[in-house]
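Asks: Those sequence lines, one after another, are chains A and B. Residues in the first sequence are numbered consecutively from 1, following the numbering used here. Residues in the second sequence are numbered consecutively from 303, following the numbering used here. For every residue, glycine included, the Cβ atom is placed at its ideal position computed from N, Cα and C. What you are looking at is a predicted structure, and each value in this text was computed from that prediction instead of being measured. Okay, handing you the structure first.
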Amino acid sequence: MKNKHLISITDFTRDEVFKILELAAEFEKNPSQNLLNGKVIATLFFEPSTRTRLSFESAISRLGGKYIGFTDASSSSVSKGESIKDTIMTVANYSDMIIMRHPVEGSARWASEVSRVPVINAGDGANQHPTQTLLDLYTIKQTQGTLENLNLFFVGDLKYGRTVHSLIQAMSMFNTTFHFISPLELQIPKEYKLYLDKLGLKYYEYRDFSEIANDADIIYMTRIQRERFSDPMEYEKTKNSYVLKNSMLNNTRPNMKVLHPLPRVNEIHTDVDTNEKAYYFTQALNGVYTRQAIMTYILGLK
Amino acid sequence: MDINDKKLQVSAIQNGTVIDHIPASNLFKVIDILGLDKIKSQITFGTNLESKRLGFKAIIKLADVFFMDEEINKIALVAPEAKLNIIKNYKVVEKRIVEVPDAIVGIAKCGNPKCVTNIENIVTKFQVVSKKKVALKCHYCEKITDSEQMEIF
Chain A
1 MKNKHLISIT DFTRDEVFKI LELAAEFEKN PSQNLLNGKV IATLFFEPST RTRLSFESAI
61 SRLGGKYIGF TDASSSSVSK GESIKDTIMT VANYSDMIIM RHPVEGSARW ASEVSRVPVI
121 NAGDGANQHP TQTLLDLYTI KQTQGTLENL NLFFVGDLKY GRTVHSLIQA MSMFNTTFHF
181 ISPLELQIPK EYKLYLDKLG LKYYEYRDFS EIANDADIIY MTRIQRERFS DPMEYEKTKN
241 SYVLKNSMLN NTRPNMKVLH PLPRVNEIHT DVDTNEKAYY FTQALNGVYT RQAIMTYILG
301 LK
Chain B
303 MDINDKKLQV SAIQNGTVID HIPASNLFKV IDILGLDKIK SQITFGTNLE SKRLGFKAII
363 KLADVFFMDE EINKIALVAP EAKLNIIKNY KVVEKRIVEV PDAIVGIAKC GNPKCVTNIE
423 NIVTKFQVVS KKKVALKCHY CEKITDSEQM EIF
């Protein structure tokens, strides 16, 4: 669809999600195509995010497009006090599409309302990060052959992790059974439990992460961040009790894959990396294909 | 004329609107939202009146003032159970209730301090996700603001 924005995962219908996954599979087979030849894409990173930015810039480059932008707010006019509106209205004159990461929640929706070119949200604070969600969906489908009726285990910071929240929203379309493993202070917010209750989907909560993931199809690990804790000792204790080790994978299903939005700190022990069930680096690679799919779809080139 | 009739004389209006069942604590918000401090008509209000339903309620009587639905529905956020009596020639000719609209534009402030609407100059927009106990979902940051944290501009 031409000139649609992608701000929130709920902006895309189920059909559109499948369309993106189909296109991403095409780009996986043939990642270098000249579809963005002559196009200029703005990558506006008001806060740094190396992974997301490089993944977008790689996707643009492999499609023959050019990108302009900045990698953090200090090197842009924002440091002079320019409003989001003014920055976006200006940059929209220089580009065919805007990719934007901003720490303020709702900033991407606002940008899409003042921009005359499509805006893709590359993360707006704790709110949404829809391209991550789509690449997660792509990876789940790629490894499981389906999105239907899966057992998803989420581990770590389920309170602040926006990738978790958006993935719950997206996977709730596919009769998923959810398992939430987290410390009490980082448990899944009530609004998501109410949401799943309303849809009649099953979910289970656990505090202890040892050998309970044996019937998982996907284990989705997340980073527990220091700044979420007021007590540094509590942080040290908590962070070390939600670590995935290779030995814990012995009795898991053969189709099971471990995902992580990255960057990882210590929550996945490096001894897991060589296990064939470790899939987080391939997941990061899928980010390029998925973003190629999203950009070409939004520009009406696919 | 007995004493009860006299009492009625003081507060009755010939033509206009009576807004009843306003929670006493929100009377001044209602006045603010409807801009009653800026109109010239005769206004009487009572507050901290006992009410079975609300505990304490307030009531506003406005002479020669009539509201459009969309205008009066703005107070639904602070007075969801308010009832309107339309008075013509001292008689109640119509009773109306306030309805919480499906969307709220302006009026309320998003409760999320990190929301873009609290940082740039943007008119707030909300989808009403619960009408009974009013809860608003911000169009921008997608967070829920409930009736307790709700601030009216």
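#1: Note down, in chain order, all residues in the stretch 400 to 429 of chain B with a beta-carbon under 7 Å from any beta-carbon belonging to chain A.
#2: Beta-carbon within less than 6 Å of L366/B's beta-carbon, same chain only, minus the 5 sequence neighbours each way: which residues are those?
#3: Taking Cβ positions, are L379/B and I406/B nearer each other than 8 Å?
#4: Go ahead and label T90/A buried or exposed: buried means 16 or more other beta carbons lie within 10 angstroms of its beta carbon, across all protein chains shown.
#5: Since K302/A and P118/A are thought to touch, with beta carbons under 8 Å apart, how far apart are those beta carbons, to the nearest angstrom?
#6: Exposed or buried, which one is L310/B when buried takes at least 16 other CB atoms within 10 Å?
#7: Count the C-beta pairs between the stretch 254 to 268 of chain A and the stretch 194 to 212 of chain A that are closer than 8 Å, then say yes if the count reaches three, no if not.
#8: Alpha carbons only, please: which of Q283/A, S8/A and N240/A is nearest the one belonging to H269/A?
#9: Using only the alpha-carbon positions, how far apart do Y392/B and T10/A sit?
#10: Could you give the DSSP three-state label for Q225/A: helix, strand or coil?
#11: With a cut-off of 8 Å, does the C-beta of R109/A fall near any C-beta of chain B?
#12: Taking Cβ-Cβ distances shorter than 9 Å, what residues in chain A pair up with E444/B?
#13: Give me the Cβ distance between L186/A and L158/A, rounded to the nearest whole Å; I'm assuming they're in contact under 8 Å.
#14: Beta-carbon of E191/A versus every beta-carbon of chain B: anything under 8 Å?
#15: Interface residues of chain A around H441/B at Cβ under 9 Å?
#16: What residues in its chain sit with their C-beta under 6 Å from that of V320/B, if we drop five residues either side in the sequence?
#17: Output yes if chain B places a C-beta closer than 8 Å to the C-beta of S83/A; else output no.
#18: Does the pairing of the stretch 28 to 47 of chain A with the stretch 70 to 77 of chain A give three or more beta-carbon distances under 8 Å?
#19: Please determine, among D124/A, I120/A and T176/A, the residue with the shortest C-alpha to C-alpha distance to Y297/A.
#20: Roughly how many angstroms separate the alpha carbons of H260/A and L356/B, rounded to a whole number?
#21: Check whether the Cβ atoms of A237/A and D271/A lie closer than 8 Å to each other.
#22: To the nearest angstrom, report how far apart V436/B and A410/B are at their CA atoms.
#23: Between the beta-carbon of L36/A and the beta-carbon of L6/A, is there less than 8 Å?
#24: What do you reckon, are the CB atoms on L137/A and V258/A nearer than 8 Å?
#25: Ignore the nearest five residues each way along the sequence and tell me which others in K390/B's own chain have a CB closer than 8 Å to its CB.
#26: Would you identify the three-state DSSP class for H304/A, choosing helix, strand or coil?
#27: Among I188/A, K198/A, E191/A and G125/A, which residue has its Cα nearest to the Cα of N175/A?
#28: To the nearest angstrom, report how far apart T163/A and F229/A are at their CA atoms.
#29: For the beta strand (DSSP E) that K376/B lies in, which residues bound it at each end?
Replies: Judging by the given coordinates:
#1: The residues in question are N414, K416, C417, V418, T419, I421, E422 and I424.
#2: The sequence shown places Asp at residue 366/B, not Leu. Beyond the five residues adjoining it in sequence on each side, D366/B comes within less than 6 Å, by CB distance, of N317, G318 and S343 in the same chain, given in chain order.
#3: At the C-beta level, L379/B and I406/B come within 8 Å of one another.
#4: The residue in question, T90/A, is exposed, as its Cβ has fewer than 16 Cβ neighbours within 10 Å.
#5: With 8 Å as the limit, K302/A and P118/A do not qualify as a contact, their Cβ atoms being about 14 Å apart.
#6: Annotation note: pLDDT 43 at L310/B (below 50); position unreliable, coordinate value reported separately. Around the beta carbon of L310/B, fewer than 16 other beta carbons sit within 10 angstroms, so the residue counts as exposed.
#7: In short, these stretches do not touch, since the Cβ pair count stays below three.
#8: Taking only the C-alpha atoms, the option nearest H269/A is N240/A.
#9: In a straight line, the C-alpha of Y392/B is about 53 Å away from that of T10/A.
#10: Under the three-state reduction of DSSP, Q225/A is assigned to coil, being neither helix nor strand.
#11: Output row for R109/A: interface = yes.
#12: The contacting residues are S8, T10, E105, G106, R109, N127 and Q128.
#13: With 8 Å as the limit, L186/A and L158/A qualify as a contact, their Cβ atoms being about 6 Å apart.
#14: Yes, contact with chain B.
#15: Within chain A, the residues near H441/B are G106 and R109.
#16: Closer than 6 Å at Cβ, skipping near neighbours: K363 and N387.
#17: For S83/A, the answer is yes, since a Cβ of chain B falls inside 8 Å of its Cβ.
#18: The stretch 28 to 47 of chain A makes contact with the stretch 70 to 77 of chain A, as at least three CB pairs between them are under 8 Å.
#19: Comparing Cα positions, the closest option is I120/A.
#20: Whole-angstrom Cα-Cα distance: 51 Å.
#21: The question names Ala, but residue 237/A is Lys in the sequence shown. No, they are not a contact pair.
#22: Cα to Cα, the separation comes out at about 12 Å.
#23: Taking C-beta atoms as the reference points, L36/A and L6/A fail to come closer than 8 Å.
#24: Contact flag unset, no.
#25: These residues qualify, in order along the chain: N317.
#26: Lying before the first or after the last residue shown, residue 304/A is absent from chain A, which here runs from 1 to 302.
#27: Residue K198/A is the option with its Cα nearest to N175/A.
#28: Cα-Cα distance, rounded: 20 Å.
#29: Bounds of any beta strand (DSSP E) do not take in K376/B, whose DSSP letter is neither H nor E.
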